[in-house]
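This report concerns only the one structure given below.
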Amino acid sequence: MKLSEIARILHCELHGDGDVEITDVAPVEDAPPGSLTFVVDRRRARELATSRAAAALLPPDAPDVTLPSLRTSEPYAAFVAAVELFHPSPAREPGVHPTAVIAATARIGDGAVIGPHVVIGDRVEIGCRAVLDAHVVVYRDVRIGEAFTAHAGVVVREGVRIGHRVTLHAGAVIGSDGFGFLPLPDGHRKIPQVGGVVIEDDVEIGANTTVDRATLGATVIGHGTKIDNLVMVGHGCRIGPDCLIAAQVGLAGSTTLGARVMLGGQVGSAGHLTVGDGARVAAQSGVHRDVPPRHDYAGYPAVQAREWRRASACMPRLPALFRRMRRVERAVGVGSAEDAPGDEG
Amino acid sequence: MKLSEIARILHCELHGDGDVEITDVAPVEDAPPGSLTFVVDRRRARELATSRAAAALLPPDAPDVTLPSLRTSEPYAAFVAAVELFHPSPAREPGVHPTAVIAATARIGDGAVIGPHVVIGDRVEIGCRAVLDAHVVVYRDVRIGEAFTAHAGVVVREGVRIGHRVTLHAGAVIGSDGFGFLPLPDGHRKIPQVGGVVIEDDVEIGANTTVDRATLGATVIGHGTKIDNLVMVGHGCRIGPDCLIAAQVGLAGSTTLGARVMLGGQVGSAGHLTVGDGARVAAQSGVHRDVPPRHDYAGYPAVQAREWRRASACMPRLPALFRRMRRVERAVGVGSAEDAPGDEG
Amino acid sequence: MKLSEIARILHCELHGDGDVEITDVAPVEDAPPGSLTFVVDRRRARELATSRAAAALLPPDAPDVTLPSLRTSEPYAAFVAAVELFHPSPAREPGVHPTAVIAATARIGDGAVIGPHVVIGDRVEIGCRAVLDAHVVVYRDVRIGEAFTAHAGVVVREGVRIGHRVTLHAGAVIGSDGFGFLPLPDGHRKIPQVGGVVIEDDVEIGANTTVDRATLGATVIGHGTKIDNLVMVGHGCRIGPDCLIAAQVGLAGSTTLGARVMLGGQVGSAGHLTVGDGARVAAQSGVHRDVPPRHDYAGYPAVQAREWRRASACMPRLPALFRRMRRVERAVGVGSAEDAPGDEG
Chain V
13 MKLSEIARIL HCELHGDGDV EITDVAPVED APPGSLTFVV DRRRARELAT
63 SRAAAALLPP DAPDVTLPSL RTSEPYAAFV AAVELFHPSP AREPGVHPTA
113 VIAATARIGD GAVIGPHVVI GDRVEIGCRA VLDAHVVVYR DVRIGEAFTA
163 HAGVVVREGV RIGHRVTLHA GAVIGSDGFG FLPLPDGHRK IPQVGGVVIE
213 DDVEIGANTT VDRATLGATV IGHGTKIDNL VMVGHGCRIG PDCLIAAQVG
263 LAGSTTLGAR VMLGGQVGSA GHLTVGDGAR VAAQSGVHRD VPPRHDYAGY
313 PAVQAREWRR ASACMPRLPA LFRRMRRVER AVGVGSAEDA PGDEG
Chain C
13 MKLSEIARIL HCELHGDGDV EITDVAPVED APPGSLTFVV DRRRARELAT
63 SRAAAALLPP DAPDVTLPSL RTSEPYAAFV AAVELFHPSP AREPGVHPTA
113 VIAATARIGD GAVIGPHVVI GDRVEIGCRA VLDAHVVVYR DVRIGEAFTA
163 HAGVVVREGV RIGHRVTLHA GAVIGSDGFG FLPLPDGHRK IPQVGGVVIE
213 DDVEIGANTT VDRATLGATV IGHGTKIDNL VMVGHGCRIG PDCLIAAQVG
263 LAGSTTLGAR VMLGGQVGSA GHLTVGDGAR VAAQSGVHRD VPPRHDYAGY
313 PAVQAREWRR ASACMPRLPA LFRRMRRVER AVGVGSAEDA PGDEG
Chain Z
13 MKLSEIARIL HCELHGDGDV EITDVAPVED APPGSLTFVV DRRRARELAT
63 SRAAAALLPP DAPDVTLPSL RTSEPYAAFV AAVELFHPSP AREPGVHPTA
113 VIAATARIGD GAVIGPHVVI GDRVEIGCRA VLDAHVVVYR DVRIGEAFTA
163 HAGVVVREGV RIGHRVTLHA GAVIGSDGFG FLPLPDGHRK IPQVGGVVIE
213 DDVEIGANTT VDRATLGATV IGHGTKIDNL VMVGHGCRIG PDCLIAAQVG
263 LAGSTTLGAR VMLGGQVGSA GHLTVGDGAR VAAQSGVHRD VPPRHDYAGY
313 PAVQAREWRR ASACMPRLPA LFRRMRRVER AVGVGSAEDA PGDEG
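As given, the protein sequences belong to chains V, C and Z, one line each in that order. Mapping the first sequence onto my numbering, position 278 (from 1) lands on 290, and the numbers just tick up by one. Mapping the second sequence onto my numbering, position 254 (from 1) lands on 266, and the numbers just tick up by one. Mapping the third sequence onto my numbering, position 98 (from 1) lands on 110, and the numbers just tick up by one.
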């Protein structure tokens, strides 16, 4: 595709030779000949000098470069559009594979692609243009909106509610029983988990992630929220809209996240607490208390990130601090009987 | 259902109007009109004043409330029984779905529900009243007791032994190979994992959890133990009875847990160590050494929880401690050449 | 099998009675009568005195023991060979189960075992002697080498490349979408994940592990690398050859591991960093920066393991250190207004 054609489709301003032939898109560092690349920060435009790319998407105020360029106020968004242009999703023929087992009482909208060995239970309703890949299992009484995508092996348990344009990646389990047991003298008695799960519009959930159903009421995942792989969402969690939850995060029961919360990988949260709107928690942190809105938290237990960084920077210097303390105590003549033995760290 | 009828079924003492019609059960904070709620701690009975619930389960010594109430020495257990009363598990018609693939040499007890596309291997034995949902795979030579429940997509590898009343949630994998490799000059040689897995009675295992088979001998999960989602049980672990293991816990090979051990979410344990009876380990802790019976541990590496809480409370004050040290050193005239630069934290 | 026969097969030197009948293999501590056990360290040969084993594999320089023994310079490797001798993998009849759904354009090599309900997409190529257990799903355009093993429920997404002798354990997902979203004023826009995954020869990947496809280019897992259960490999990671990655490790996008890297369980790594050849990172550590080759790292954030051990050994003594500081300050007459309240830890 000619660069001038791409400029037209992406609504960019063309600088330089529009007849250059573009064959793919690539980041600067890996760009092969013939590729369109991009630079978001105009100060990094000079990196293009050593790139093999054929052209670049640049912000309007970037300096002139030897490559032909497309100028746009949103180079990254234009790059994403270019990726879609060069890698269109293959159209899939609507239809139901003959090995699928679909209850007579289920209703599936027009244009659905139902793969081999899919199982859909009684009274399930699924909107238009759904794609259910091989081996997806939807239990009874589930309701799902339009443009649903479920990759191979997804399991949606009974009664779950799912909005429009939701994507579930392979192996995700939605609506498994919450982990609730009543300790009795003769062992643990299961607390029935009879609540549900509500997944709002435009949510994406990663591979092998599990979202437990509530004991009573519902576990809720707000619209636009994106969840990575191998995440655990405990029973009764209420996750707000437009959150980003990285891989292997674990949210204990009844955790509440506000809007636009960002959790780094492997973050753990105790239950029955609230992370405020726009708060961010660094990877591997352990959240034991409420996090106020628009704060950055980190550490175990998590505190303000700035505070945590300062404190953890002290850690490697602790052995020396103990030695310094001993020296000072000797100079002052203050004894330290309780701490003396083995004090050199 | 009338409150007086519920009182009769749950063996509670009725205080107030027994003709109140109850339509559901709910926790105090979410109780809709018409619901039965509960309070375990009599000092919290006053919270009922602002609840919309129609009636409450209370301990015998709770003060009088404006709502009708049911008195019982175990309000929480009675509430669980009430949940079951209002949300009975739907009866499922026994039968084998025609798409299931069951080896001729397999034996399955009476009353089984075998879902679509289930696969059961040679010489498998399963007791009465089993429920195997869609896509469950049971490899050859597995033996399973009565009242077994496996949700969609569960995989049970060859030779695994499972007791009575065991529940496996969707995507759980039982009997995958342990992670054992012998480092040789030309790479890692796999150590064959030819041991098994024994799951005793009344065990429940969460969604997408994995339990590896032993190299030799068996990985054992004791009766009554409950394991949450996305947990990893390494090869040769021996887990005692009535343990509670929260989500995303990882137990390295040959970890031994005693009876009634409780592990918080994301706890990791090194292998070849023992956590004693009744010990509890706080979420995200890293267990590197034996934990004595009936102790609470926390931290990384895990120590007594009390000790860890005190130590971690010091963390945020470390930068100030370094400043204080510098001040004292100056006052005393003790040099600190080694630690001087960048010491302000 | 007679011990002398085992000596012949394993190329070991026989000491003592070769007519002893061996019925199984076992580690020293669990060895039942009739078993062959092994000791790697000659100083531990005395433990055999209390073992019930019938014979032992020993290094050549081990002292004489009362049991008959087989001497070899590699007792552990000989033991592994003995395990294989006593527990041969059962031969499986090649063939395609009639419930498998295989695209007309797929090509599968000789000797394949294709289990029930397997699904293989368009233009897939699989080499000789593949074993695909029940419910394995291979999307379109995947290429796989010889001697491939996939356990039940494995999902391989479109376009993935897999080398020879690769094993994927139950529930593993290869090629799921990377987690990439562009924050825009009206929510997160998905960055299409159009790259691939390349898995080289002799790789083994654990149960329910997920390996994401790259945004562009490829996620690579080097030859001979072994990955345990429930691991997350983010998009664009490049893992070198012969690495060992323990359970529940999480690698954020574009992490690079060199050759022979070892990561302990639950390690987390930030993205866009490099762990050098032969480096080892202790369980639960959080890697935030490059790790130089052949270094041992530990902690959160990870530093040199030696340094971390020294620093974390100081942690439990911090409350006492604060008390000591207070005492010294009083002795010197230095005030500490800012830190005074609550300073006793």
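Even for Gly, the Cβ is constructed at its ideal location relative to N, Cα and C. Since the structure is predicted, the reported quantities are computational estimates derived from the model, not experimental observations.
Next on the checklist: Would you say D214 (chain C) lies against chain V (beta-carbon separation less than 8 Å)?
Outcome noted: yes
Item to check | I203 (chain Z) to V136 (chain V) span [Cα, whole Å] | outcome: 31 Å
Next on the checklist: In whole angstroms, give me the CA-to-CA distance for K4 (chain V) and L97 (chain V).
Outcome noted: Any property of residue 4 (chain V) remains undetermined from this structure, which presents chain V solely from 13 to 357.
Checklist entry - For E25 (chain C), does the three-state DSSP call read helix, strand or coil? => result strand
Item to check | Sheet register partners of I203 (chain Z) (DSSP bridge) | outcome: According to DSSP, I203 (chain Z) bridges with nothing at all.
Item to check | Within chain Z, partners of E105 (chain V) - CB distance below 8 Å | outcome: Result: empty, since nearest Cβ-Cβ is about 12 Å, beyond 8 Å.
Item to check | chain A contacts from the segment 187 to 198 of chain C (Cβ-Cβ distance under 8 Å) | outcome: Reference to chain A is not applicable here, since the protein chains of this structure are V, C and Z.
Checklist entry - For G354 (chain V), which residues of its own chain have a beta-carbon under 8 Å away from its beta-carbon, when the five flanking residues on both sides are left out? => result Below a pLDDT of 50, predicted positions are generally treated as unreliable, and G354 (chain V), at 45, falls in that range; the measurement from the model is reported next regardless. Result list for G354 (chain V): empty, nothing under 8 Å.
Checklist entry - Which bits of chain Z does D240 (chain V) rub up against, with CB to CB less than 7 Å? => result F191
Checklist entry - Using the rule of at least 16 other Cβ atoms within 10 Å of the residue's Cβ for burial, across every protein chain shown, is D29 (chain C) buried or exposed? => result exposed
Item to check | Chain-order list of residues whose beta-carbon lies under 6 Å from that of E4 (chain Z) (same chain, five-residue window excluded) | outcome: Not covered by the structure: residue 4 (chain Z). The range shown for chain Z is 13 to 357.
Next on the checklist: Counting only Cβ pairs nearer than 9 Å, list the residues of chain Z close to P331 (chain V).
Outcome noted: E319, R322, A323, A325, C326
Checklist entry - Nearest-angstrom Cα distance between L82 (chain V) and P195 (chain Z)? => result Answer to the nearest angstrom: the Cα atoms are 21 Å apart.
Item to check | Near-chain Z residues of the segment 26 to 56 of chain V - C-beta to any C-beta below 9 Å | outcome: D36, V37, A38, P39, D42
Item to check | Helix, strand or coil at D53 (chain C) according to DSSP, with G and I counted as helix | outcome: coil
Checklist entry - Where are the beta strand (DSSP E) runs, 3 residues long or more, that stay fully inside the segment 76 to 145 of chain Z, in chain order? => result Listed in chain order, the complete beta strand (DSSP E) runs (minimum 3 residues) inside the segment 76 to 145 of chain Z are 81 to 83.
Next on the checklist: I'd like to know if T84 (chain Z) contacts chain C, where contact means its C-beta is closer than 8 Å to some C-beta of that chain.
Outcome noted: no
Next on the checklist: With the cut-off set at 8 Å, would you say L69 (chain Z) and C24 (chain Z) are in Cβ contact?
Outcome noted: Taking the C-beta atoms as reference points, C24 (chain Z) is found nearer than 8 Å to L69 (chain Z).
Item to check | Whole alpha helix (DSSP H) elements within the segment 268 to 329 of chain V, 4-residue minimum | outcome: 317 to 326
Checklist entry - Opposite F193 (chain V) in the DSSP bridges: which residues? => result V:K202
Next on the checklist: Among the candidates C:R342, C:I239, C:V108, whose CA atom is the shortest distance from the CA of L144 (chain C)?
Outcome noted: C:V108
Item to check | Pairwise C-alpha distance: R338 (chain C) and E411 (chain V) | outcome: Any property of residue 411 (chain V) remains undetermined from this structure, which presents chain V solely from 13 to 357.
Checklist entry - How would you call E17 (chain V), buried or exposed, if buried means at least 16 neighbouring beta carbons within 10 angstroms? => result By the 10 Å Cβ count, E17 (chain V) comes out exposed.
Next on the checklist: Please report the distance separating the alpha-carbon of R292 (chain Z) from that of S266 (chain V).
Outcome noted: Approximately 37 Å between the Cα atoms of the pair.
Checklist entry - According to DSSP, is T62 (chain Z) helix, strand or coil? => result helix
Item to check | Supposed close pair A164 (chain V), A182 (chain V) - CB separation, criterion 8 Å | outcome: 5 Å
Checklist entry - Nearest to R104 (chain V) by CA position, among V:G123, V:V95, V:V92, V:P87, is which residue? => result V:G123
Checklist entry - Comparing the C-beta of V340 (chain V) with each C-beta of chain Z, is any distance below 8 Å? => result yes
Checklist entry - Which residues, taken in chain order from the segment 169 to 182 of chain Z, show a beta carbon closer than 7 Å to some beta carbon of chain C? => result The segment 169 to 182 of chain Z vs chain C, Cβ under 7 Å: H181, A182.
Checklist entry - Using a C-beta to C-beta distance shorter than 9 Å, which residues of chain Z count as neighbours of H247 (chain C)? => result At a beta-carbon threshold of 9 Å, none of the residues of chain Z lie near H247 (chain C); the nearest stands roughly 10 Å away.
Checklist entry - Should H147 (chain V) be flagged as near chain C, meaning a C-beta pair shorter than 8 Å? => result yes
Item to check | Cβ separation of G248 (chain V) and T221 (chain V), assumed to be a contact under 8 Å, to the nearest whole Å | outcome: Contact between G248 (chain V) and T221 (chain V) fails: their C-beta atoms lie close to 17 Å from each other, not under 8 Å.
Checklist entry - From this set, C:I186, C:T84, C:G190, C:N241, which residue's C-alpha is nearest A19 (chain C)'s C-alpha? => result C:T84
Checklist entry - Using a Cβ-Cβ distance under 8 Å, would D351 (chain C) count as near chain V? => result Unreliable placement is indicated for D351 (chain C), whose pLDDT of 49 sits below 50; the coordinate value is still reported in the next sentence. Output row for D351 (chain C): interface = yes.
Checklist entry - Going by alpha carbons, who is nearest to V215 (chain C) out of C:G252, C:V77, C:S324? => result C:G252
Item to check | L330 (chain V) versus A317 (chain V) - alpha carbon distance | outcome: So the alpha carbons of these two residues sit roughly 20 Å apart.
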